[in-house]
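Residue numbers (the numbering used here), protein chains in the order written: chain A, 6 to 120; chain B, 12 to 124.
What follows is the structure, encoded as structure tokens:
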């Protein structure tokens, strides 16, 4: 597709369940990012993939959060045993690894509500 | 470590008035700087970026920003606000050859008729 695609756009789950959020980046973009946007807050960095390098997981808030990127393209963010504080919009972005800019192209996000 | 501070979580202006959204960064060397805009129920999109070329950067929709190293600032301005400018604006910083971008907390711009 032309842009970054995320699914589902909305997800309501019960506390304690696992959820998977998917991101399909722009074709040819080698870098992929996950951010979390909570109500009234800025963007919180979660994890970053660049090519075949080891991902930067420094932003993952707990070991309940994990992400993988298969074949250098699609990425899945998994949240295990969800808690109410996990409710947020999860944003995926991709970029072409360009030392001069690295501007991010964002998807529309997956809104997660944990009841 | 890099960080970004956006002064004012909410800014309200009248249609036709000057828009000024403030952003200060903290880093040991001049970084790359970005402004993104998020319209209601949409994803973020790039408004403009500074990448060490011209210090005055022009973006889409009449916005511009000036990089001031001495003040570690990258404030966003627009001479005349339009109703369609109502959105949330995020300043972001990225170090050269670094991966992640660090975002400010955002400023919600309201434009009054």
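Backbone N, C-alpha and C define an ideal beta-carbon position, used for all residues, glycine too. All of these numbers come straight from a predicted model, not from anything done at the bench.
(message) At the level of alpha carbons, what is the spacing between residue 18 of chain B and residue 58 of chain B?
(response) 18 Å
(request) Could you name the residues of chain A that residue 33 of chain B contacts, counting a contact when the two beta carbons are closer than 9 Å? (result) Result: empty, since nearest Cβ-Cβ is about 14 Å, beyond 9 Å.
(message) Less than 9 Å between the beta carbons of residue 68 of chain A and residue 111 of chain B, yes or no?
(response) no
(request) Using beta-carbon positions only, say whether residue 40 of chain A and residue 114 of chain B come within less than 9 Å of one another. (result) yes
(request) Select from the stretch 75–97 of chain A all residues with a C-beta closer than 8 Å to any C-beta belonging to chain B, and list them in chain order. (result) 96
(request) For residue 113 of chain A, return the contacting residues in chain B, with the cut-off set at a CB-CB distance below 9 Å. (result) 52, 53, 54
(message) Distance cutoff 9 Å, beta carbons only. Does residue 40 of chain A sit that close to anything in chain B?
(response) With 9 Å as the cut-off, residue 40 of chain A counts as an interface residue toward chain B.
(request) For residue 87 of chain B, go through chain A and note every residue whose CB falls closer than 7 Å to its CB, in chain order. (result) Close partners of residue 87 of chain B in chain A (Cβ separation under 7 Å) are lacking, with about 15 Å as the shortest Cβ gap.
(request) Would you mind reading off the limits of the beta strand (DSSP E) that contains residue 29 of chain A? (result) Looking at the DSSP string, the run of the beta strand (DSSP E) that includes residue 29 of chain A is 24–29.
(message) Using a Cβ-based criterion (distance less than 8 Å to any ligand heavy atom), does residue 41 of chain B qualify as near the ligand SAH?
(response) The ligand content of the structure shown is nil, which means the ligand SAH is not present either.
(message) The beta strand (DSSP E) that contains residue 55 of chain A, what's its start and end?
(response) 48–55
(message) For residue 108 of chain A, would you say it is in contact with chain B, using Cβ-to-Cβ distances shorter than 9 Å as the test?
(response) yes
(request) From the DSSP output, read off the bridge partner residues of residue 72 of chain B. (result) DSSP, once it has assigned bridges, lists no residue as partnering residue 72 of chain B.
(message) Quick check: residue 30 of chain A and residue 80 of chain A, are their CB atoms within less than 9 Å of each other?
(response) yes
(message) Please list the terminal residues of the continuous beta strand (DSSP E) segment that includes residue 21 of chain B.
(response) 21–25
(request) Give the interface partners of residue 48 of chain A over in chain B, defined as CB-CB distance under 7 Å, in chain order. (result) The contacting residues are 101, 114.
(request) Take residue 91 of chain A and list the residues in its own chain whose beta-carbon comes closer than 7 Å to its own, dropping the five residues that flank it on each side. (result) 84, 117, 119
(message) Between which two residues does the beta strand (DSSP E) holding residue 14 of chain B run?
(response) 14–18
(message) For residue 100 of chain A and residue 118 of chain B, I'd like the C-alpha separation in whole angstroms.
(response) 24 Å
(message) I need the boundaries of the beta strand (DSSP E) containing residue 100 of chain A, first residue and last residue.
(response) 93–100
(request) Use the C-beta contact count for residue 121 of chain A: other C-beta atoms within 10 angstroms, 16 or more gives buried, fewer gives exposed. (result) No information on residue 121 of chain A is available, as it lies outside the stretch 6 to 120 that chain A covers here.
(request) Leaving aside the five residues before and after residue 12 of chain A along the sequence, list all residues of the same chain whose C-beta is less than 6 Å from its C-beta, in chain order. (result) 27
(message) Here's a check: name, in chain order, each residue in its chain whose Cβ is nearer than 8 Å to the Cβ of residue 15 of chain B, leaving out the five neighbours to either side.
(response) 34, 35, 36, 37, 102, 103, 104, 113, 114, 115
(message) Closest to residue 24 of chain A by C-alpha separation, out of A:107, A:89, A:98, would be which residue?
(response) Proximity to residue 24 of chain A across A:107, A:89, A:98 peaks at A:89, based on C-alpha coordinates.
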